[in-house]
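Per numbering that gives the first Met the number 0, the sequence shown starts with residue 0, numbered consecutively. Built from N, CA and C at the ideal position, the CB exists for glycine as well. If you're wondering where the values come from, they're calculated on a predicted model, not measured in any experiment.
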Amino acid sequence: MGPDPQYVGKLHSNSDKGDGSVKYILTGEGAGTIFIIDDTTGDIHSTKSLDREQKTHYVLHAQAIDRRTNKPLEPESEFIIKVQDINDNAPKFTDGPYIVTVPEMSEMGVIRTALHNMDREAREHYSVVIQAKDMAGQVGGLSGSTTVNITLTDVNDNPPRFPQKHYQLYVPESAQVGSAVGKIKANDADTGSNADMKYTIINGDGSGVFSISTDKETREGILSLKKPLNYEKKKSYTLNIEGANTHLDFRFSHLGPFKDVTMLKIIVGDVDEPPLFTMPSYVMEVYENAKIGTAVGTVTAQDPDTANNLVRYIIDHNTEEDRYFTIDASTGTIKTAKIFDREETPWYNITVTASEIDNPGLVSHVPVGVRILDINDNPPELAREYDVVVCENAKPGQVIQTITATDKDNSANGARFHFFLDEGRSLNPNFTLRDNEDNTASILTRRKKYSRTTQDMYYLPVLISDGGVPSLSSSTTLTIKVCACERDGRVRTCHAEAFLSSAGLSTGALIAILLCVVILLAIVVLFITLRRNKKEPLIISEEDVRENVVTYDDEGGGEEDTEAFDIAALRNPSAAEELKYRRDVRPEVKPMPRHHTSTSLDSIDVQEFIKQRLAEADLDPSVPPYDSLQTYAYEGHRSEAGSISSLDSATTHSDQDYNYLEDWGPEFKTLAELYGEIESERTT
């Protein structure tokens with residue numbers, strides 16, 4: 000009380016030497032109006048009377064700064080001034096006195112609140128003792144009593160209130176996005192769901208940088224960071240935060256509104272940060288034939304702090320790829336350190352590190368991708384190895400193979416290929432090459448009728464060039480095999496077969512063959528002469544008691560031996576003769592049906608036949624007791640068709656049409672092709 004200011008307290012900093020260089024600043028509730036400070040001595044005085052019943056305490060912030068530079072000497076401090084209570088309010092009864100009457104003989108008693116608008120927040124529990132007396136409470140009457148415990152339940156009749164209208168929060172710029180940076184709480188005298196509330200940022204310049212959520216347990220507002228802070232761009236933010244009840248009771252809406260608003264000022268703290276690259280990643284290009292020391296590109300980083308310190312660049316040599324490049328520590332220019340081959344490694348990924356020269360511990364990294372550009376340094380080549388086959392019955396202009404090429408260079412230096420035969424050699428009379436102009440080429444025949452006996456292998460040199468600048472070419476040789484094919488073009492065999500013909504054998508070969516025949520005849524004559532002189536039979540006598548194995552090495556008799564192993568001849572040769580038909584002419588009789596009698600050729604079981612003959616030999620009492628191996632064979636009769644040898648056919652002319660040989664089956668394919676070829680040459 001009184002006109003003079005009341006001394007409250009004193010601020011003092013350890014940096015204050017008493018020379019007046021320190022300036023004290025006071026902020027917060029009532030600063031400058033209720034409370035004043037001497038900026039030199041730090042003395043705080045109150046200029047107005049305080050009423051504790053209106054406000055119990057004040058929150059103030061004090062800071063000491065250098066008077067010359069205006070820079071803070073110490074962090075800002077918070078302190079609370081509490082107002083002490085004195086007995087300056089007399090008690091009052093607003094509605095008293097209170098009188099309650101209960102009429103006698105009441106059938107029931109009704110308990111009503113004696114006070115208007117009883118407040119649970121003032122008193123929650125009551126104990127009421129009720130006594131009933133008869134005889135109107137006269138002497139001699141009886142009485143009974145009971146106790147009623149009354150608990151007042153809560154209703155939402157108290158709105159939330161922030162303790163302060165202004166708050167201040169310090170957040171360093173290094174705070175991580177998504178992290179909680181502060182808390183704020185509004186008080187609500189209600190309990191349970193009636194005290195639940197939701198916090199919302201209703202406006203302010205930091206609504207897009209910060210977000211607020213509600214902790215359901217503590218009913219606090221949790222302030223989180225949505226975007227990174229940058230002290231150099233913005234040093235403070237101001238937010239208006241609202242706290243509102245979520246469960247309203249409209250009976251007490253006249254006591255509202257059931258929400259409150261406060262202002263929050265956020266101070267961004269400066270933190271020394273590492274250098275910042277101008278781009279999140281870099282992509283550079285260099286040709287594969289670039290010389291060592293060729294500049295590839297430049298990376299740039301700056302110190303984001305106000306000091307703007309110089310930056311030093313290095314390459315992280317964690318992999319072998321990093322050793323292909325060097326970097327200028329001052330400018331960030333990347334240069335080549337080795338020769339590149341795009342076909343071996345088309346892309347390099349390196350990491351560049353930037354650090355402050357004054358503080359090497361603060362570093363940042365950026366990925367750099369280097370693409371190796373292609374030059375035409377690889378000639379084209381065949382896409383694979385080709386097995387080229389030409390049929391003996393091929394026609395002129397027939398495509399026997401389509402070839403493709405590939406190039407290790409990219410499409411810009413090898414998208415179009417050109418194919419042609421080696422011009423350094425004479426014109427190939429057998430094959431030619433056609434460029435299809437779609438990166439493929441076709442090999443075509445230039446004549447008809449190729450023979451394996453004459454030449455079974457051809458070699459075709461092919462040149463391939465690309466469309467690069469300069470153009471590159473390569474030469475390769477294709478091997479072409481001559482094969483016997485079916486009419487539909489399927490390959491039957493590619494192995495050379497020996498055909499006897501007078502035109503195909505040299506004079507020396509004929510003399511050698513005749514000499515061999517003469518020697519064989521002389522040996523046979525000598526052998527027969529010796530046998531006759533010794534008078535020994537050519538066949539071993541059955542009376543010989545020795546075990547004998549009779550072996551026949553006869554290789555057959557050609558056309559006369561086609562039915563040599565017909566088992567029916569072993570049982571009844573004369574009957575089997577009736578089933579024979581000539582194979583040198585087209586048979587006119589159709590084959591016998593599948594179902595035969597017991598003597599049919601197909602129904603004969605050779606194994607069973609041999610077992611029967613073995614049993615007969617074992618049970619025959621007229622033969623000596625020794626093992627005998629008997630060989631059964633039937634060589635047939637001499638062919639009535641005469642010889643069909645090509646030796647005779649080549650020298651004689653016949654008007655017979657041999658086209659029917661093509662319908663005789665696979666056994667006569669070679670013969671049909673041979674006579675068909677001779678006939679076609681004769682007609683042409």
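| query | result |
| --- | --- |
| Of the residues L618, T145 and Q137, which one's Cα is nearest the Cα of S126? | T145 |
| Sorted by chain position, which residues of the same chain lie with C-beta nearer than 6 Å to V684's C-beta, five sequence neighbours on each side aside? | Summary: the structure shown does not reach residue 684, with the chain confined to residues 0 through 683, and so no result is reported for it. |
| Select from L49, D465, K290 and P71 the residue whose C-alpha is nearest the C-alpha of K81. | L49 |
| Measure the Cβ-Cβ separation of Y230 and G205 and say whether it is below 8 Å. | no |
| Examine the Cβ distances between the stretch 470-483 and the stretch 443-462 and report whether three or more of them are shorter than 8 Å. | yes |
| How big is the Cα-Cα spacing for T669 and L443? | 26 Å |
| Take Q163 as the anchor and find which of G467, I314, W346 and H56 has the nearest alpha-carbon. | H56 |
| So, helix, strand or coil for D434, using DSSP? | strand |
| Specify, as a first and last residue, the run of the beta strand (DSSP E) that I85 falls within. | Where I85 is concerned, there is no enclosing beta strand (DSSP E), given that its DSSP letter is neither H nor E. |
| Any chance the stretch 350-368 sits against the stretch 382-398, with 3 or more Cβ pairs inside 8 Å? | no |
| Under 8 Å by Cβ, that's how I've got S472 and L462 pegged, so tell me the actual separation to the nearest angstrom. | 6 Å |
| When the Cα atoms are used, what is the spatial distance from E436 to H417? | 7 Å |
| Can you give me the C-alpha to C-alpha distance between Q83 and P4, rounded to a whole angstrom? | 17 Å |
| Does Y659 pass the burial test, meaning 16 or more other C-beta atoms within 10 Å, or should it be called exposed? | exposed |
| For C515, which of helix, strand or coil comes out of DSSP? | helix |
| From this set, A174, I200, P158 and L59, which residue's C-alpha is nearest A185's C-alpha? | P158 |
| Kindly indicate which three-state DSSP category V605 falls into: helix, strand or coil? | helix |
| Could you tell me the boundaries of the beta strand (DSSP E) in which W663 lies? | No beta strand (DSSP E) contains W663, which DSSP labels as neither H nor E. |
| Using only CA atoms, which one of I200, A188 and Y169 lies nearest to I265? | Y169 |
| Among C484, T213 and L224, which one has its Cα closest to the Cα of S178? | L224 |
| In whole angstroms, give me the CA-to-CA distance for M283 and N308. | 27 Å |
| Helix, strand or coil: which one does DSSP assign to H11? | coil |
| Determine, using beta carbons only, whether R433 and P395 come nearer to each other than 8 Å. | no |
| Can you give me the C-alpha to C-alpha distance between R612 and L514, rounded to a whole angstrom? | 45 Å |
| At the level of alpha carbons, what is the spacing between A483 and V398? | 17 Å |
| Do you know whose CA, among K447, T431 and E75, lies nearest N392's CA? | K447 |
| Residues in its own chain within less than 6 Å of K334 by CB, not counting five upstream and five downstream? | G292, A294 and T325 |
| Considering only DSSP beta bridges, list what V524 is partnered with. | BP columns for V524 are empty, so no partner. |
| Only counting the same chain, and skipping five residues up and downstream in sequence, which positions put a Cβ closer than 6 Å to that of T475? | L381 and V461 |
| What residues in its chain sit with their C-beta under 8 Å from that of V208, if we drop five residues either side in the sequence? | L224, K225, K226, L228 and Y236 |
| Distance check for H253 and Q167, CA to CA, integer angstroms please. | 32 Å |
| Taking the DSSP output, what are the residues bridged to T476? | P460 |
| What would DSSP say about L228, mapped onto helix, strand or coil? | coil |
| Helix, strand or coil for E615? Go by DSSP, reduced to three states. | helix |
| Answer with buried or exposed for V298, where buried requires no fewer than 16 other C-beta atoms within 10 angstroms of its C-beta. | buried |
| In three-state DSSP terms, what is E380? | strand |
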